[in-house]
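Note sheet for the following structure.
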Ligand code: NAI
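Residue numbers (the numbering used here): 99 to 393.
Written as structure tokens, this is what we have:
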């Protein structure tokens, strides 16, 4: 059964994904606590949601009172302690096993025994994330796609210890939130990130081999392949730090199978801090007011 809307939700990490997930839960009627360790980030996340929804109101696609309702249900909280009363906590912090494990340990201390702990990890084993938990049966993957308010798919990922009842609650809750959930096991990259690996990897290899440039390849994939975006536009949207971490995670989980070899071009972007849209520069530039990304 889906979680009742009287039950509050907490989202940890107010970056691209956390903010989007907070919006989805608040639009479904839940009170949402939004926490980020960076000062001001949760407030910034909520402001971003308000700006985005205001555009919908301006276009006549949403009522002002609905926007006000959604925003009033999202409460940025400065301290992790303030999420204690949530019935479902979804973590969307940095893609790093050790840091996520530490957060889960803190959440286990803080939250009630029956609070469901969910991870939005793209690629880290849910089994490994739960391995040091006191109650790993309450940990489940709830993997949204970017941008979370628009993308319907949610992978509900079961680690070895995940309770079936917990997974079913999360599946039903995602459905109640208007999503199309699918069950997956905790195999490296789950389903979509596995299928997508060759798309990124071969595009990056073509670039490295100088077969063509990023803009030409993106346009080709969009116009001839009928994809929404080419690999370079998409990885700029995802964030190169995130995409590179996911590739490394899948590569290492598969005993360094060369099929999943990370790209030196992407490594360079990460090292330069050119993380894509979120830093204003990746394969393309996203200057103030730029209508179209500049190659
Ligand atoms: P992001 O870099 O936009 O945001 C991460 C946020 O987490 C930052 O604001 C950071 O300050 C905060 N943070 C880091 N450590 C923290 C901690 N210990 N406590 C509280 N806050 C902390 O990253 P993004 O893209 O939102 O990704 C977050 C998670 O979602 C990752 O696990 C990623 O793999 C996953 N994901 C990302 C997708 C994407 O397209 N970017 C798609 C689906 C999943």
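Backbone N, C-alpha and C fix where the C-beta goes; we use that ideal spot for every residue, glycine too.
Would you call the CB atoms of residue i and residue j closer than 8 Å?
i	j	result
residue 305	residue 363	yes
residue 328	residue 336	no
residue 239	residue 224	yes
residue 317	residue 330	no
residue 203	residue 174	no
residue 286	residue 254	no
residue 169	residue 144	yes
Can you tell me whether residue i is buried or exposed, with buried defined as 16 or more other CB within 10 angstroms of its CB?
i	result
residue 236	buried
residue 427	The requested residue 427 does not occur in the structure, where the chain is confined to residues 99 to 393.
residue 106	buried
residue 99	exposed
residue 356	exposed
residue 293	exposed
residue 197	exposed
residue 276	exposed
residue 298	buried
residue 323	exposed
residue 273	exposed
residue 189	buried
residue 263	exposed
residue 163	exposed
residue 176	exposed
residue 185	buried
residue 295	buried
residue 379	buried
residue 230	exposed
residue 149	exposed
residue 370	exposed
residue 138	exposed
For residue i, I'd like the list of residues in its chain whose CB is within less than 6 Å of its CB, leaving aside the five on either flank, ordered along the chain.
i	result
residue 154	160
residue 310	none
residue 123	107, 130
residue 258	225
residue 351	286
residue 372	379, 380
Quick one: what's residue i bridged to in DSSP?
i	result
residue 107	130, 186
residue 242	252
residue 280	253
residue 172	130
residue 237	215
residue 374	379
residue 306	Answer by DSSP bridge pairing: none, since residue 306 is not bridged.
residue 150	None, per the DSSP bridge assignment.
residue 392	383
Just to confirm my understanding: we take residue i, look at its own chain, exclude 5 residues before and 5 after, and list those with CB closer than 8 Å. What are they?
i	result
residue 128	101, 103, 105, 106, 107, 171
residue 142	112
residue 325	319
residue 291	220, 221, 344, 348
residue 126	103, 274, 275, 276
Counting only the same chain and skipping the five closest in sequence on each side, list residues whose C-beta sits under 7 Å from that of residue i.
i	result
residue 360	342, 345, 346, 349
residue 383	391, 392
residue 375	334, 335, 384
residue 218	115, 119, 188, 189, 190, 240, 241, 242
residue 62	Within the shown structure, residues of the chain are numbered from 99 to 393, placing residue 62 beyond reach of any answer.
residue 183	106
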